[in-house]
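Report on the following structure.
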Amino acid sequence: QTVPKTQTEKTTENEHQHHCETCTVSFPNQKALQAHLNSHIKCSKCPFTASKRVVSAHFKANHGEYAGRGLKTISIQMPGNRSIQKFKICVGNHPDDIQAWREERKRRFPTR
Numbered sequence: 001q002t003v004p005k006t007q008t009e010k011t012t013e014n015e016h017q018h019h020c021e022t023c024t025v026s027f028p029n030q031k032a033l034q035a036h037l038n039s040h041i042k043c044s045k046c047p048f049t050a051s052k053r054v055v056s057a058h059f060k061a062n063h064g065e066y067a068g069r070g071l072k073t074i075s076i077q078m079p080g081n082r083s084i085q086k087f088k089i090c091v092g093n094h095p096d097d098i099q100a101w102r103e104e105r106k107r108r109f110p111t112r
């Protein structure tokens, strides 16, 4: 099991000193932080652990249908229309992938 990174810093009285870096939340004392850490769950596909909300976002970004990088084809059927349209979407934010997506759009939808 992966142990989340925690951080304890000297701060002013109003700031929380105990921090869960994985979930980006702070707590007023070690006991509250430990209670939070005990609520962490594990990703079903890898050793990543965090709060349920953070694991859900992690799963979608790293293991979900649109994870990775490159162009992926999706099919869309508009309500009331029987025809299915196919589009290529850019997954990830690598400059090469973005350029390939732009070229695909220009090819399919040229300007006049």
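Residue numbers (our numbering): 1 to 112. Here a beta-carbon is modelled for each residue, glycine too, at the ideal position from N, C-alpha and C. In this text the structure is predicted, and so the values were computed from the model without any measurement.
Write down the C-beta distance between C43 and F27 rounded to the nearest angstrom, noting that I regard them as a contact closer than 8 Å. Counting from 1 along the sequence shown, the entry for residue 43 is found at position 43. Counting from 1 along the sequence shown, the entry for residue 27 is found at position 27. That pair is no contact at about 23 Å.
Per-residue burial, H90 [other beta carbons within 10 Å of its own, 16 or more giving buried]: In the sequence shown, residue 90 corresponds to position 90, counting from 1. Before going on, a small fix: residue 90 reads as Cys here, not His. Classification for C90: buried.
Quick one: residues in its chain with C-beta nearer than 8 Å to the C-beta of L71, no 5 flanking neighbours on either side, listed in chain order? Counting from one through the sequence shown, the residue named residue 71 turns up at place 71. Cβ within range, chain order: K88, I89, C90, V91, D97, A100, W101, E104.
Under the rule that 16 or more other beta-carbon atoms within 10 Å means buried, what is F48, buried or exposed? Taking the first residue of the sequence shown as 1, we reach residue 48 at position 48. Burial check for F48: the Cβ neighbour count within 10 Å reaches 16 or more, so the residue is buried.
Please classify T22 as buried or exposed, where buried requires at least 16 neighbouring CB atoms within 10 angstroms. Taking the sequence shown and counting its residues from 1, the one referred to as residue 22 is at position 22. Buried, because 16 or more other Cβ atoms sit within 10 Å of the Cβ of T22.
Can you give the Cα-Cα distance for P110 and K45, rounded to whole angstroms? The count along the sequence shown starts at 1 and reaches residue 110 at position 110. The count along the sequence shown starts at 1 and reaches residue 45 at position 45. Roughly 41 Å separates the two Cα atoms.
Taking DSSP as the reference, what is the three-state secondary structure of A50? As a first step, residue 50 is located in the sequence shown; it is residue number 50 there, counting from the start. For A50, the secondary structure class from DSSP, reduced to helix, strand or coil, is strand.
Judging by CA-CA distance, which residue of N29, A50, Q30 is the nearest neighbour of S39? As a position in the sequence shown, residue 39 is number 39, starting the count at 1. Cα-wise, what sits closest to S39 is A50.
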